[in-house]
Every structure is written in structure tokens, then in C-alpha cells.
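Visitor: Before I ask anything, here is the structure I am working with.
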Amino acid sequence: MHIMATLKNRPRFAVANSALDRIELVSAEGHRIDIFPLADDIVRVLVRPHGELRAPRTWAIAPGQEDVPLEGRDRFDLSGFGACSIRTEHDKDALIVTTAAIRLTVALDGGFCAWELLRDGKWHRAMDDRKTQAYNFGWWNERVYHYVERKRGEIYVGLGERAGSLNRADQSYEMRNFDAMGYSARTTDPLYKHIPFYVTWQPDTSTGFGLFYDTLADCRFDMGRELDNYHGHYRHFVAEHDDLDYYFIASPDTPLNAVRRFTWLTGKPAWMPKWGLGYSGSTMSYTDAPDAQHRMGEFIERCREHDVLCDSFHLSSGYTSIDGKRYVFNWNHDKFPDIDGFVQGYLDAGVQLVPNIKPCLLQDHPAFEAVEKAGLLIRARDGEPAWVQFWDQVGAYLDFTNPQTIDWWKARVKDSLLRYGIASTWNDNNEFEIWSNVYRG
10 MHIMATLKNR PRFAVANSAL DRIELVSAEG HRIDIFPLAD DIVRVLVRPH
60 GELRAPRTWA IAPGQEDVPL EGRDRFDLSG FGACSIRTEH DKDALIVTTA
110 AIRLTVALDG GFCAWELLRD GKWHRAMDDR KTQAYNFGWW NERVYHYVER
160 KRGEIYVGLG ERAGSLNRAD QSYEMRNFDA MGYSARTTDP LYKHIPFYVT
210 WQPDTSTGFG LFYDTLADCR FDMGRELDNY HGHYRHFVAE HDDLDYYFIA
260 SPDTPLNAVR RFTWLTGKPA WMPKWGLGYS GSTMSYTDAP DAQHRMGEFI
310 ERCREHDVLC DSFHLSSGYT SIDGKRYVFN WNHDKFPDID GFVQGYLDAG
360 VQLVPNIKPC LLQDHPAFEA VEKAGLLIRA RDGEPAWVQF WDQVGAYLDF
410 TNPQTIDWWK ARVKDSLLRY GIASTWNDNN EFEIWSNVYR G
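Using our numbering, read the sequence shown as starting at 10 and increasing by one per residue.
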């Protein structure tokens with residue numbers, strides 16, 4: 010009789026393929042775990058409870074490259090990763106994968122992982138999966154879980170822009186991407202960013218490692234705030250959907266190694282212009298004023314008067330207003346009667362303008378009907394625009410998975426901004442606060 014994997018009868022894995030670049034473990038129930046030794050200091054684990062990939066492409070992995078292609082990258086694409094020293098061995102109880110810096114032991118009964126790091130010629134235990142239900146093999150719900158044991162004294166840093174202590178220990182954090190303007194630097198959560206990466210540092214052995222979870226799903230990191238005596242001390246990661254696909258990055262000498270390698274793994278940020286390092290002015294009050302161009306001119310005059318060196322000015326979205334509402338790419342000519350002269354005046358003063366643009370069109374935006382007809386918006390199942398709350402009223406987000414939307418956006422940036430001599434933009438409100446599971450591109 011076929012027995013489904015349950016908490017009582019957890020899956021038992023066998024080695025189905027032991028190729029050096031991808032080692033496959035499969036259970037009788039069809040659960041799969043893939044091990045990818047990608048570099049001496051990077052090993053990836055992909056857990057597929059149902060066998061197939063629920064998110065077959067990634068928009069995060071770009072090893073040694075500038076960025077990910079617009080269409081994403083196949084999760085099984087290993088290009089960009091060079092050869093590394095790998096040794097594998099297994100028996101009826103465990104699979105052991107060893108590189109020059111990492112030793113991973115996978116218990117075939119349950120798929121539990123134990124990680125060790127090589128430092129000063131000795132192997133140091135770095136991380137262990139929780140011994141009780143480290144993963145969700147379909148016995149709870151469709152969410153993605155990863156529970157690991159938590160050692161006392163560990164320091165956790167990362168997760169992008171977060172409120173509270175730099176050490177994330179004993180706290181929990183959500184990644185749901187809110188426009189949290191004016192947040193408390195002590196308590197507010199969630200915030201803007203989605204960066205599911207953090208570094209663990211263990212002071213007792215002066216060693217550490219990074220963990221990167223490759224998902225765009227809403228997720229939560231609990232770094233020891235939650236306690237359940239049935240399981241011992243643990244921390245965990247939970248995502249609403251997709252796959253458990255994580256990268257273990259060895260960092261045995263300094264936490265900076267993990268950060269450097271994470272940057273190499275996910276693509277380098279664009280190199281900013283030199284003027285981007287200088288003082289940048291910004292306020293909503295100037296562009297919200299009825300005489301916005303005059304007020305902006307006064308700012309330049311006062312900078313000269315007080316010998317304030319200003320290299321750029323972030324132009325708030327009031328320049329796009331109609332009756333107090335903000336309509337991306339729409340210049341308010343009453344506020345800015347001479348756009349060419351306004352931009353040139355700032356350039357003559359050595360100040361670069363960085364105008365605000367937003368990826369959402371309000372329902373009465375002058376271009377809304379044409380954009381909807383062209384199929385450039387995120388939609389609901391019935392084909393209607395996926396209505397969301399935005400500044401001032403409801404609107405719909407542009408669908409940037411559609412190449413035609415990207416072309417439309419580029420054309421608007423050129424026609425509305427760059428042609429005046431503006432050289433860069435301020436991409437604002439990119440949290441994409443879409444709270445329905447049935448909206449689609």
C-alpha cells in the first residue's frame with residue numbers, strides 16, 4: 010500500500026543522480042531535493058515538495074553579471090558558475106557533499122541538512138535544520154517553510170532596510186513591500202524593500218555564513234522571537250508560495266565575504282554618476298505650490314546666497330498634478346509654464362533634476378483608456394484592470410512582464426522628461442501593493 014508522507018511517516022530520500030553540478034534526491038512520494046555545489050563557497054538547495062517547480066524562473070540570479078535578463082532566468086540554468094572542487098559520498102543514511110569550504114550532510118530520512126565550514130584546517134558546525142519538520146512536504150498548506158536550529162549568541166544582520174536593532178536576533182520581519190513613508194526607525198514593519206538575504210555570525214568561533222532565499226513571494230523571517238517548546242530553539246523563513254530555493258554562502262573570516270559574494274551572485278548595482286554622491290535637495294512643498302516653478306527658482310537662488318553646494322534635486326510628483334491628484338508623465342503647465350527654461354536653469358546652476366515617476370495609472374489618467382486597451386495593465390481574472398489603492402484614488406499598476414509595457418514606459422520617459430535635458434528619474438512607489446492572489450499579467 011502506498012503511504013503518503015506525513016508528520017508520522019516523513020519522506021525517505023534516495024540519490025537519483027549524483028552529477029557534480031546537481032545532485033538529485035527523490036522520495037517514493039515524489040518529493041525532490043536538489044543540491045547544487047555552485048562554487049567552493051556557495052551551495053544551493055532546492056526543495057520541491059510536489060516534484061515540479063512552482064516558479065520555474067528567477068529574477069534574482071546573475072552570477073558575475075550586471076543584471077538578470079528581462080525575461081528572467083531558468084532556475085536550472087547554471088551558466089556563470091565556474092568549476093569547483095567537489096567530493097560526494099553517500100550510504101543508506103546520508104549524502105555528504107564537500108567543497109573546499111563547505112561540507113553539507115543530508116539525512117536521507119527526512120532530508121534534514123547539516124552545514125559545516127572549514128576554518129583554520131578544522132570543520133566547524135555552522136547550521137542545522139530543525140530536527141522536527143524543517144520543511145513542508147505538503148502536510149500543512151501550500152506555503153514554503155524552512156526551520157533551522159538557533160544557537161544562543163548568534164548575530165543576524167541583513168534583510169535590507171529594516172527598523173530596530175542592527176542585530177535581528179529575537180525579532181521577526183515581514184517582506185510585503187509597503188510605502189511606509191514616515192516610519193518609526195525603532196518599530197515599523199514591514200517596510201519598502203524585498204531583500205531575503207541575511208548573514209549569521211557566530212562570535213564563539215568567529216565564523217559565519219549568508220543565506221539567500223530566492224523568492225519574490227511575500228515572506229516572513231522569524232529570528233527567534235517565536236518560541237515553541239516542542240521544537241527547541243529555532244528560527245525560520247516562511248513564504249506564501251513559490252519554491253524553497255536557498256543559497257548557503259560561506260563566510261568563515263568576516264561577514265563581508267558573504268555580502269561580497271551575494272552581490273556577485275545577484276548582479277551589481279548600476280554605477281551612479283559622480284553628481285549622485287553630492288547633496289540632493291527635495292521637498293514636496295515646492296512642486297505642490299501653485300507657483301512651483303518660481304519656488305524651485307528661489308531654491309537655486311538661496312543655494313547661491315548661502316554657498317550651499319547642491320548637485321541634484323529630487324523633483325516630487327506635484328509637477329504632474331491635475332486638481333491635486335498625481336498623474337505620471339503629465340506636466341502641470343500652470344505650475345511650470347516654461348519647462349525648457351526651468352530645466353535649463355537648474356542645469357546652468359550645476360544641479361541635475363531627478364523627477365518622480367510612478368508605475369501606477371489612476372483610473373482617470375489621461376492615458377488610462379489607451380493603456381488599458383493596449384493590454385499594458387495588470388488584470389483581474391475577468392479581464393478588468395486589477396484595481397488597487399494608490400495616491401489620491403484607485404488605479405492600476407503597469408505590467409512590466411509585458412515587453413510592450415516596457416517600450417511604452419521608455420517612450421514616455423523620453424518624451425516627457427529626457428527631451429528637456431533631464432538625465433535621470435526617481436522611480437517611486439514600486440512596492441506594487443497588490444493584495445489579491447488572482448490578479449495576473
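Ideal placement from N, C-alpha and C gives every residue a C-beta, glycine not left out.
At 3 residues or longer, and completely inside the region 351-432: list those beta strand (DSSP E) runs for me, N to C.
Guide: 361-366, 369-371, 396-398 and 403-406
Visitor: Given a cut-off of 8 angstroms on the beta-carbon distance, is the pair Val380 and Leu371 in contact?
Guide: no
Visitor: Indicate the three-state DSSP secondary structure (helix, strand or coil) for His303 in the structure shown.
Guide: His303 falls in the helix class under three-state DSSP.
Visitor: At the level of alpha carbons, what is the spacing between Gly60 and Glu151?
Guide: 14 angstroms
Visitor: In whole angstroms, give me the CA-to-CA distance for Trp273 and Cys93.
Guide: 16 angstroms
Visitor: From the DSSP output, in three-state form, read off His11 for me.
Guide: Low local confidence applies: a pLDDT of 49 at His11 is under 50, so the model's placement there is unreliable, with the coordinate-based value given in what follows. Note: His11 maps to coil in three-state DSSP.
Visitor: Determine the extent of the beta strand (DSSP E) in which Leu265 is found, giving its start and end residues.
Guide: Leu265 -> not in any beta strand (DSSP E); alpha helix (DSSP H) instead, spanning Pro264 to Thr275.
Visitor: Would you say Ile309 and Val360 are within 8 angstroms of each other, going by their C-beta atoms?
Guide: yes
Visitor: Does the Cβ of Met305 have 16 or more other Cβ atoms within 10 Å, making it buried, or fewer, making it exposed?
Guide: buried
Visitor: Please report the Cβ distance between Pro394 and Ala405, rounded to the nearest whole angstrom; I am assuming they are in contact, meaning their Cβ atoms lie under 8 angstroms.
Guide: 4 angstroms
Visitor: When you compare the region 156-163 with the region 286-303, are there three or more beta-carbon pairs, one atom per stretch, that lie closer than 8 angstroms?
Guide: Of all C-beta pairs linking the region 156-163 to the region 286-303, fewer than three are shorter than 8 angstroms, placing the two stretches out of contact.
Visitor: Taking the alpha-carbon of Leu265 as reference, which of Cys319, Val208 and Asp320 has the nearest alpha-carbon?
Guide: Val208
Visitor: Jot down the residue ranges of each uninterrupted alpha helix (DSSP H) in the region 159-194, minimum 4 residues, whole runs only, in chain order.
Guide: none
Visitor: Please name the residue or residues paired with Phe308 in a DSSP beta bridge.
Guide: For Phe308, which the question treats as bridged, DSSP gives no partner whatsoever.
Visitor: Near Ser27, which residues of its chain fall below 7 angstroms by C-beta distance, leaving aside the five closest residues on each side in sequence?
Guide: Thr97
Visitor: Quick one: what's got a C-beta closer than 7 angstroms to Tyr336's C-beta in the same chain, skipping five residues either side?
Guide: Thr329, Leu371, His374 and Pro375
Visitor: Pick out the complete beta strand (DSSP E) segments inside the region 53-129, 3 residues or longer, and give them in chain order.
Guide: 96-99, 103-107, 111-116 and 122-128
Visitor: Kindly indicate which residue of Gly450, Asn436 and Asn341 has the alpha-carbon position closest to the one of Gly392.
Guide: If we check each option's Cα against that of Gly392, Gly450 comes out closest.
Visitor: Take Asn436 and list the residues in its own chain whose beta-carbon comes closer than 7 angstroms to its own, dropping the five residues that flank it on each side.
Guide: Ile366
Visitor: What does Glu33 pair with, by DSSP beta-bridge criteria?
Guide: Asn26 and Asp43
Visitor: Relative to the alpha-carbon of Trp124, which residue among Thr434, Asp347, Leu113 and Leu117 has its alpha-carbon at the smallest distance?
Guide: Leu113
Visitor: Excluding the five sequence neighbours on either side, which residues of its own chain have a C-beta within less than 8 angstroms of the C-beta of Met10, listed in chain order?
Guide: Residue placement at Met10 cannot be trusted, given a pLDDT of 40 that sits under 50; the coordinates are not used to answer.
Visitor: What residue range does the beta strand (DSSP E) around Thr141 cover?
Guide: For Thr141, no beta strand (DSSP E) encloses it, and the DSSP letter there is neither H nor E.
Visitor: Rounded to a whole number of angstroms, what is the C-alpha to C-alpha distance between Asp231 and Ser433?
Guide: 38 angstroms
Visitor: In angstroms, rounded to a whole number, what distance separates the CA positions of Ala172 and Asn186?
Guide: 14 angstroms
Visitor: Are at least three pairs of beta-carbons, each pair with one atom in the region 421-429 and one in the region 159-178, less than 8 angstroms apart?
Guide: Verdict: no, contact absent.
Visitor: Report the CB separation of Pro261 from Arg53 in whole angstroms; it is logged as a contact under 8 angstroms.
Guide: Actually they are not in contact, since the Cβ atoms of Pro261 and Arg53 sit about 18 angstroms apart, beyond 8 angstroms.
Visitor: How many angstroms separate the CA atom of Met293 from the CA atom of Leu47?
Guide: 47 angstroms
Visitor: In whole angstroms, give me the CA-to-CA distance for Ala259 and Ala358.
Guide: 49 angstroms
Visitor: Please go through the same chain and pick out, in chain order, the residues whose beta-carbon is closer than 6 angstroms to the beta-carbon of Trp210, but skip the five residues on each side of it.
Guide: Ile164, Gly217 and Pro264
Visitor: Give the secondary structure of Thr216 by DSSP, where H, G and I count as helix, E and B as strand, and everything else as coil.
Guide: In the structure shown, Thr216 sits in a strand (DSSP, three-state: E or B).
Visitor: Do Asp83 and Arg66 have their beta-carbon atoms positioned less than 8 angstroms apart in this structure?
Guide: yes
Visitor: For Arg41, I'd like the list of residues in its chain whose CB is within less than 6 angstroms of its CB, leaving aside the five on either flank, ordered along the chain.
Guide: Val35, Arg57 and Gly60
Visitor: Do you know offhand how far Val447's Cα is from Trp400's?
Guide: The C-alpha of Trp400 is placed about 23 angstroms away from the C-alpha of Val447.
Visitor: Using the C-alpha atoms, what's the distance from Pro282 back to Ala420?
Guide: 23 angstroms
Visitor: Below 8 angstroms CB to CB, which residues in the same chain sit around Trp132 once its five sequence neighbours on both sides are set aside?
Guide: Arg112, Glu125 and Leu126
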